[in-house]
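Everything below concerns the one structure shown next.
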Amino acid sequence: MSSARRLRRDDAVLQEWGRGVTRRVPLSEVPKCVINKVVERDGDGCAACSLMGLTPPADEPLELDHKQPLARGGDNHWTNLQFLCRSHNRGRSARPLDLVSLPAWLRRLARAGALVDHIRWCWHVGLDWEPTDPDVEAQLDALVGEEL
Ligand SMILES: [Zn+2]
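Under this note's numbering, the residues of the sequence shown are numbered 144 to 291, in order.
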């Protein structure tokens with residue numbers, strides 16, 4: 144298949160796939176072009192962490208989330224999908240993304256004394272860990288309990 148034809152086919156899939164479908168679909172059944180579109184829009188990490196300027200640790204699993212939950216009539220169309228880290232996905236309970244709280248992985252790291260190491264690691268590999276929201280920064284300071 145020519146790449147132009149593949150693009151047209153992907154576009155057709157993107158327009159229609161999952162629209163009005165409110166049953167849970169395993170990630171393995173979501174077409175690649177749908178995943179790619181979500182990543183193109185949100186980046187390839189957790190949408191909530193990225194909004195807060197945080198970088199989840201590499202071992203924190205990413206999960207596919209429905210902005211409008213399936214149980215409340217949300218569907219599987221790409222416009223209703225986003226990736227969240229497991230902590231954010233479990234803690235979100237259908238709150239809007241800008242109201243989600245600090246993820247559980249951050250509290251785990253802080254308890255383990257590993258938060259500072261994590262932030263240094265992010266710096267080391269050139270990732271931006273700085274919280275974009277002053278409230279989040281204050282919460283982080285309280286978590287770490289020391290100046291970085
Ligand atoms: Zn997250």
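By construction, the Cβ of each residue, glycine as well, lies at the ideal position given by its N, Cα and C atoms.
Could you say which of the options lies nearest to residue i if we only look at CA atoms?
i, options, result
"Arg238", "Ala214, Lys210 and Thr222", "Lys210"
"Leu227", "Leu194, Arg148, Ala214 and Glu159", "Leu194"
"Leu270", "Asn223, Thr198, Ala191 and Leu286", "Thr198"
"Gly196", "Arg184, Ala285 and Ile262", "Ile262"
"Ala214", "Leu205, Ser230, Glu203 and Ser236", "Ser236"
"Leu286", "Val268, Trp264 and Leu252", "Leu252"
"Glu282", "Trp160, Leu258 and Asn179", "It should be pointed out that residue 282 corresponds to Gln in this sequence rather than to Glu. When each option's Cα is compared against that of Gln282, the closest is Leu258."
"His220", "Leu242, Arg166 and Arg152", "Arg166"
"Arg184", "His267, Thr222 and Arg151", "Thr222"
Ligand 1 and residue i: does the residue's C-beta get closer than 8 angstroms to at least one heavy atom of that ligand?
i, result
"Pro246", "yes"
"Ser230", "yes"
"Ala253", "no"
"Ala201", "no"
"Cys189", "yes"
"Cys192", "yes"
Which same chain residues, not among the five before or five after residue i, have their C-beta less than 7 angstroms away from its C-beta?
i, result
"Leu170", "Leu207"
"Ala190", "Gln225, Phe226, Leu227 and Leu240"
"Ser230", "Glu203, Pro246, Ala247 and Trp248"
Going along the chain, which residues of its own chain have a beta-carbon closer than 8 angstroms to the beta-carbon of residue i, five neighbours each way excluded?
i, result
"Arg233", "Ala247"
Where do the N-terminal and C-terminal ends of the alpha helix (DSSP H) with residue i fall, by residue?
i, result
"Asp284", "Pro277 to Val287"
"Ser193", "Ala190 to Met195"
"Glu159", "Ser146 to Glu159"
"Glu183", "Lys175 to Asp185"
Using a Cβ-Cβ cut-off of 6 angstroms (strictly less than) and excluding sequence neighbours within five positions of residue i, which residues of its own chain qualify?
i, result
"Val156", "Pro174 and Cys176"
"Gly288", "none"
"Leu291", "Because the pLDDT at Leu291 is just 46, under 50, the model does not fix this residue reliably, and the value given afterwards should be weighed accordingly. Contacts found: none."
Could you check if residue i belongs to the surroundings of ligand 3, using beta carbon to heavy atom distance under 8 angstroms?
i, result
"Leu197", "This structure lacks ligand 3; its bound ligands are ligand 1."
Quiz item: Which runs of the alpha helix (DSSP H) fall wholly inside the region 210-267 and span at least 4 residues, in chain order?
Solution: The region 210-267 contains these whole alpha helix (DSSP H) runs: 229-235, 247-254 and 258-267.
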